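Here is the structure we will look at, set down as structure tokens.
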Amino acid sequence: MDAVIIDTNVMVVANGKAAAPQARCKCIIRCRARLAEILRESERVLLDDKKRIIQEYRRNLNKKGRGFGDRFWQELVRRMWNSEKVIRVPITPLAGNGTDFEEFPNDDASLKGFHKKDRKFVAVALAYQSDTGQEAPILKAEDSGWEEFREALAAYGVRVDSICEEDS
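Printed below as a string of structure tokens:
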């Protein structure tokens, strides 16, 4: 895999039970292992060019925290300008609201109920795919909000990888 998009819940769950009391122990371990793999390997993390994703991470993580997810985020911020580790993908907001994007299939009725705060992740996946011809999966932990839209997103070539799916 060349590049991935990481939903915020992966880092929150990686922080452990204090941050994500609903998380199963196996899921916490899997999230930590996957984040460690991303740091070790040549996989790059995709972010949007206007730092919307980074800002969401900042709202949900602690920049001085010692949790595994916090430390991953801190390292990601340090690497943000290294194109071998992070790719900043331009996405186009609609109507200036910051939650709807030109790249997101807004007219698809099967995606009408898709959570607005997660649309930036899909927009980044589709923009990257359009620019490079390569797929970048969206990694998630225990966020069930993605599940009902998995097939609709797949129709556009967006793959959602559930790190903790086997724990369900």
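Take 1270 as the starting number for the sequence shown in the numbering used here and just add one per residue.
The beta carbon of each residue, even a glycine, is placed where N, CA and C say it ideally should be.
Please read these numbers as outputs of a predicted model, since none were measured by experiment.
Own chain, CB closer than 8 Å to residue i, minus 5 neighbours either side, in chain order
i: Arg1388; result: Thr1368, Asp1369, Phe1370 and Phe1373
i: Gln1403; result: Asp1271, Ala1272 and Tyr1397
i: Gly1285; result: Ala1292, Ile1297, Gly1336 and Phe1337
Minimum C-alpha distance to residue i - residue among the options
i: Asn1366; options: Lys1385, Glu1353 and Ala1424; result: Lys1385
i: Ile1275; options: Ala1287, Leu1345, Arg1335 and Gly1336; result: Leu1345
i: Gln1356; options: Gln1343, Thr1401 and Phe1383; result: A quick correction: the sequence has Ile, not Gln, at residue 1356. The shortest C-alpha separation from Ile1356 is found at Thr1401.
Three-way DSSP call (helix, strand, coil) for residue i in this model
i: Phe1418; result: helix
i: Ser1437; result: Residue placement at Ser1437 cannot be trusted, given a pLDDT of 48 that sits under 50; the coordinates are not used to answer.
i: Ala1272; result: strand
C-beta contact flag for residue i and residue j at 7 Å
i: Cys1300; j: Val1279; result: yes
i: Val1427; j: Val1391; result: yes
i: Lys1409; j: Ser1379; result: no
i: Leu1330; j: Asp1317; result: no
i: Thr1277; j: Glu1325; result: yes
Residues near residue i in its chain [Cβ-Cβ closer than 6 Å; skip 5 each side]
i: Tyr1397; result: Leu1315, Val1358 and Ala1405
i: Leu1395; result: Glu1372
7 Å CB neighbourhood of residue i in its chain, flanking five on each side removed
i: Ala1423; result: none
In chain order, which beta strand (DSSP E) runs of at least 3 residues are fully inside the segment 1297 to 1354?
1313 to 1317
Going along the chain, which unbroken runs of the beta strand (DSSP E) with 3 or more residues stay wholly within the segment 1350 to 1429?
1355 to 1358 and 1407 to 1409
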